[in-house]
Amino acid sequence: KQEVTQIPAALSVPEGENLVLNCSFTDSAIYNLQWFRQDPGKGLTSLLLIQSSQREQTSGRLNASLDKSSGRSTLYIAASQPGDSATYLCAVLLTGNQFYFGTGTSLTVIP
Amino acid sequence: ETGVTQTPRHLVMGMTNKKSLKCEQHLGHNAMYWYKQSAKKPLELMFVYNFKEQTENNSVPSRFSPECPNSSHLFLHLHTLQPEDSALYLCASSQSGQGFSEAFFGQGTRLTVV
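What follows is the structure in structure tokens.
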């Protein structure tokens, strides 16, 4: 069974710092990997989607990388802002339209 | 706005009540999902529908009954729930088939069973 792990579970940084969130998965036979953001009590907002054939995707201050062979992905956030405070989730898609999620990293950016 | 709308946003129900959660997607997707999110646990996949057909039932108790009348609508019928069923229930949609697409989520229904 696919297991998705996110490290660290919580992270607190001062505003303006660059930071990296980590995601690892046990089964490399994935179709894609997706990073989400979740604000307290809200749904998930898609940030970046990386297809299995891709190595990275960028959107604004966000950059996500994927190394399928090692079962790892990172989400890089540049010049963090207080508005980036949220929980960040990664999910991998396997056959049968099954998305497997990690437990998330709770990020706090201190003004 | 993600294109996936869930109602109601909040629901409080007694253990003997019957209620339904509704999800609607305006993205033209052919796959829809129900997830349960409890505190400190990863999102748990409950049901998957492809082209209105249920393709996944992740050992969900029968007190949860899904219904997918068409590719745009998904319901979760609830009856005789337990307090441990209190959670955030999330609906999602995606386009399955060639070129798996992004999953888009609704805002969720916060369910409290009393």
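Residue numbers (this note's numbering), protein chains in the order written: chain A, 210 to 320; chain B, 3 to 116.
Where a beta carbon is used, it is the ideal one built from N, C-alpha and C, also for glycine.
**OP:** Within its chain, find whatever has a CB closer than 6 Å to the CB of HIS28 of chain B; leave out the 5 residues flanking it on each side and keep chain order.
**Re:** Numbered from 1 along the second sequence, position 26 holds the residue referred to as residue 28 of chain B. Correct list, in chain order: GLY5.
Original post:
At a cut-off of 6 Å, is LYS43 of chain B close to the ligand COA when judged by its beta-carbon and the heavy atoms of the ligand?
Top reply: The ligand COA is absent from the structure shown, which contains no ligand whatsoever.
Original post:
In its own chain, which residues sit with a C-beta less than 7 Å from the C-beta of SER233 of chain A, not counting the 5 before and 5 after it?
Top reply: Stepping through the first sequence from its first residue, residue 233 of chain A is reached at position 24. So the list reads THR214, GLY280 and ARG281, once near-sequence residues are dropped.
Original post:
Whose C-alpha, out of A:PHE308, A:ILE239 and A:PHE245, is nearest the C-alpha of THR257 of chain A?
Top reply: Translated into the one-based positions of the first sequence, residue 257 of chain A becomes position 48. The residue you asked about is not Thr; residue 257 of chain A is Leu in the sequence shown. Among A:PHE308, A:ILE239 and A:PHE245, the Cα nearest to that of LEU257 of chain A belongs to A:PHE245.
Original post:
Can you give the Cα-Cα distance for ASN32 of chain B and PRO223 of chain A, rounded to whole angstroms?
Top reply: Taking the first residue of the second sequence as position 1, residue 32 of chain B is located at position 30. Taking the first residue of the first sequence as position 1, residue 223 of chain A is located at position 14. Roughly 42 Å separates the two Cα atoms.
Original post:
What number of angstroms, rounded off, separates the C-alpha of LEU90 of chain B from the C-alpha of ARG11 of chain B?
Top reply: For the purposes of this step, residue 90 of chain B is identified with residue 88 of the second sequence, where counting begins at 1. For the purposes of this step, residue 11 of chain B is identified with residue 9 of the second sequence, where counting begins at 1. Roughly 9 Å between the two C-alpha positions.
Original post:
What's the C-alpha gap between LEU80 of chain B and SER61 of chain B?
Top reply: Counting from 1 along the second sequence, the entry for residue 80 of chain B is found at position 78. Counting from 1 along the second sequence, the entry for residue 61 of chain B is found at position 59. So the alpha carbons of these two residues sit roughly 16 Å apart.
**OP:** For chain A, find out if any of its Cβ atoms is closer than 7 Å to the Cβ of PRO44 of chain B; answer yes or no.
**Re:** The residue you call residue 44 of chain B lines up with position 42 of the second sequence. Taking Cβ atoms only, chain A reaches closer than 7 Å to PRO44 of chain B, which makes this a yes.
Original post:
Taking C-beta to C-beta, are ALA288 of chain A and ARG270 of chain A nearer than 7 Å?
Top reply: As a position in the first sequence, residue 288 of chain A is number 79, starting the count at 1. As a position in the first sequence, residue 270 of chain A is number 61, starting the count at 1. Yes, Cβ-Cβ distance for ALA288 of chain A and ARG270 of chain A is below 7 Å.
Subject >> Beta-carbon neighbours of ASN121 of chain B, restricted to chain A and to distances below 8 Å >> reply: For chain B, the structure presents residues 3 to 116; residue 121 of chain B sits outside this window and is missing.
**OP:** Return yes when the Cβ of GLU104 of chain B is within less than 7 Å of the Cβ of SER74 of chain B, no when it is not.
**Re:** Walking along the second sequence from the start, residue 74 of chain B turns up at place 72. Walking along the second sequence from the start, residue 104 of chain B turns up at place 102. No, the Cβ-Cβ distance between SER74 of chain B and GLU104 of chain B is not below 7 Å.
Subject >> Partner residues on chain A for ARG65 of chain B, Cβ-Cβ distance less than 8 Å >> reply: Here residue 65 of chain B refers to the residue found at position 63 when the second sequence is read from its first residue. Residues of chain A passing the Cβ test: none, with the nearest at roughly 23 Å.
**OP:** Measure the alpha-carbon distance for LEU323 of chain A versus PHE53 of chain B and round it to whole angstroms.
**Re:** Because chain A spans 210 through 320 in this model, residue 323 of chain A falls outside it and cannot be assessed.
Original post:
How about GLU104 of chain B: is its C-beta nearer than 7 Å to some C-beta of chain A?
Top reply: Taking the first residue of the second sequence as 1, we reach residue 104 of chain B at position 102. So yes, GLU104 of chain B belongs to the interface.
Original post:
Mind pulling the alpha helix (DSSP H) runs of 4 or more residues that sit fully within the stretch 245-295 of chain A?
Top reply: none
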